[in-house]
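Right, one structure below, let's go through it.
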Amino acid sequence: MLLATTKVADVDRFIRIFSTKGADKRRLHGSNGATVFRDPSEADRVWAIFDWDAEGWKNFVSDPEVPAILQEAGHVGKPQAALLLGHYEA
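Written out as structure tokens, the structure is:
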């Protein structure tokens, strides 16, 4: 699992591209899906939990075709993965 965040110009536009072109490209790099949340404090920030390993994420963000997809989706800056601190029971 991987948690990432980004700011977007328009959430509807982001979802439209994230769920189509973005999904196709992520799938090519081993992603098995994502759950997306809108930040309750920042209307232009989204969070995604990916069923994806770190190597697949690394390959995705270094893919030369990805910047154009991010631009089309309206990203403001680059997506950033959160740093995992640990996993705890209950």
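Heads up: the sequence shown at position 17 corresponds to 17 in the working numbering, and the numbers run straight through without jumps. Yeah, the Cβ is synthetic: ideal placement off N, Cα and C, and Gly gets one too. Computed from a predicted model, the values in this text were never measured in an experiment.
- Contact check between the stretch 49-58 and the stretch 10-17: fewer than three CB pairs, one atom from each, fall below 8 Å, which does not count as touching.
- In this structure, the beta-carbon distance from Ala4 to Ala90 does not fall below 9 Å.
- Rounded to whole angstroms, the gap between the alpha carbons of Gly33 and Lys21 is 13 Å.
- Going by DSSP, Phe60 is part of the alpha helix (DSSP H) stretching over 54-62.
- Under a 10 Å Cβ-count criterion, Leu70 is classified as buried, with 16 or more other Cβ atoms of the shown protein chains found around its own Cβ.
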